[in-house]
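Down below is the structure, laid out as structure tokens.
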Amino acid sequence: MVRLTMDLIAKSSNHFKNKRSYSLPKYLKKLTHLNFSNRNIEDIDDLSMCRNLTVLYLYDNQISQICNLGFASNLTHLYMQNNNITHIDNLSSLQKLSKLYLGGNSITVVEGLEELGELKELHMEGQRLPSGEKLLFDPRTLLSLAESLGVLNINKNNIDDVRDLAILKKLTHFFAADNQLQDMQDLELVFSQWPQLHRMDLSGNPVCHKPKYRDRLITVCKSLNELDGKEITELSRQFLINWKASKDSKKKLKDERIMTGQITYPFTDFHMGPHPSSNYNYANVLGKRNPPECGRPSRKVRSEHSQLDSAAMRPRNVKIPVSAGLHSDVAENAKVCGL
Numbered sequence: 050m051v052r053l054t055m056d057l058i059a060k061s062s063n064h065f066k067n068k069r070s071y072s073l074p075k076y077l078k079k080l081t082h083l084n085f086s087n088r089n090i091e092d093i094d095d096l097s098m099c100r101n102l103t104v105l106y107l108y109d110n111q112i113s114q115i116c117n118l119g120f121a122s123n124l125t126h127l128y129m130q131n132n133n134i135t136h137i138d139n140l141s142s143l144q145k146l147s148k149l150y151l152g153g154n155s156i157t158v159v160e161g162l163e164e165l166g167e168l169k170e171l172h173m174e175g176q177r178l179p180s181g182e183k184l185l186f187d188p189r190t191l192l193s194l195a196e197s198l199g200v201l202n203i204n205k206n207n208i209d210d211v212r213d214l215a216i217l218k219k220l221t222h223f224f225a226a227d228n229q230l231q232d233m234q235d236l237e238l239v240f241s242q243w244p245q246l247h248r249m250d251l252s253g254n255p256v257c258h259k260p261k262y263r264d265r266l267i268t269v270c271k272s273l274n275e276l277d278g279k280e281i282t283e284l285s286r287q288f289l290i291n292w293k294a295s296k297d298s299k300k301k302l303k304d305e306r307i308m309t310g311q312i313t314y315p316f317t318d319f320h321m322g323p324h325p326s327s328n329y330n331y332a333n334v335l336g337k338r339n340p341p342e343c344g345r346p347s348r349k350v351r352s353e354h355s356q357l358d359s360a361a362m363r364p365r366n367v368k369i370p371v372s373a374g375l376h377s378d379v380a381e382n383a384k385v386c387g388l
């Protein structure tokens, strides 16, 4: 088992080897950046002499537990992605931490971050979850990050609901690609509460195939500059916002007319059923093979019309009221021709 110890740091540091005038304690005290990525490290020893450490790279190792970092009160960046970590713990002393990278581990719940009031970025993508499970969020952690977190990466975590994340009102970058998001209305509700959102990636989710998916998100996220890797121009955004406003206005006006009884209908008598003349056999008049051109009835049709008008002893230009239940052949043929 490989442990990260003071001796390992001393042996691995070329800078320390070249400056023999420095004692090990003095060197460790001045150390600000430490990179031990991809070293098969499984455990972290007491590194309390590295009190000025600000950036620690421990990704691509075999670490199963976050421990012995309580000394690093000045740490701002911690990279521990692609390890074997199952729980987020022992980070309460890192109150200056601004970027935390924990992607590619086996974490099932985002928790234990209540004391990290300065955290700006949280990267939790691609957790190795048990079959059928999804990444969950502790409400206490979300509440503590509500006023600080600006970047959240939860790609590839089988997530199907982000309503709990609505509290993160300071988000500017949100990455949730390759999950199971599919409810468009839930997404609109959440994203409408993130006024500073500039960049978002939801590619690979079922919701991406919904009608007007991109248009609807652009109108909701009024500060969004990039969606699923594609830039959003100000011109296209303004067009969609105006289109939505016009659509909403028309819907509101229609609803108001229905409520006040002012809406008009194509028929004047709602109690009348279909008139027997509506079953008129047009095949006998128009013929099965050669229907008349729209806009001009055939000679035979005009002849029959003349007979009907003559029999009824009324001028041809008098309109028959619909409510009387009488439908002339002229009107019926006009409808067939689209007049």
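So in the numbering used here, the last spot in the sequence shown is 388, and the numbers never skip. Virtual Cβ for every residue (Gly too), placed ideally from N, Cα, C. Because the structure is a prediction, the values reported are computed rather than measured.
Cβ neighbours of Arg177 within its own chain (closer than 6 Å, five residues either side excluded): Ser155. Under the rule that a run must span 4 or more residues, the alpha helix (DSSP H) segments found entirely inside the stretch 261-292 read 262-269. Nearest C-alpha to Leu236 among Ile93, Leu214, Leu220, Pro179: Leu214. Going by DSSP, Leu118 is part of no alpha helix (DSSP H) at all; its letter is neither H nor E. One alpha carbon belongs to Gln231, the other to Glu167, and they sit about 32 Å apart. The stretch 155-195 contains, as complete beta strand (DSSP E) runs of 3+ residues, the segments 170-172 (chain order).
Around Lys148, the same chain offers His126, Glu170 as residues with beta carbons nearer than 6 Å, after the five sequence neighbours per side are excluded.
Per DSSP, the continuous alpha helix (DSSP H) segment holding Leu238 begins and ends at 233-240. Cβ neighbours of Leu198 within its own chain (closer than 8 Å, five residues either side excluded): Leu168, Lys169, Glu170, Leu171, Leu217, Lys219, Leu220. Exclusion of the five residues before and after Arg286 leaves Ile267 as the residues of its chain whose Cβ lies within less than 6 Å of its Cβ. Annotation for Met249: the continuous beta strand (DSSP E) segment containing it runs 248-250.
Leu217: not part of any beta strand (DSSP E); DSSP gives it neither H nor E. An exposed status is given to Leu302, since fewer than 16 other beta-carbon atoms sit within 10 Å of its beta-carbon. In the DSSP assignment, the residues bridged to Val104 are His82, His126.
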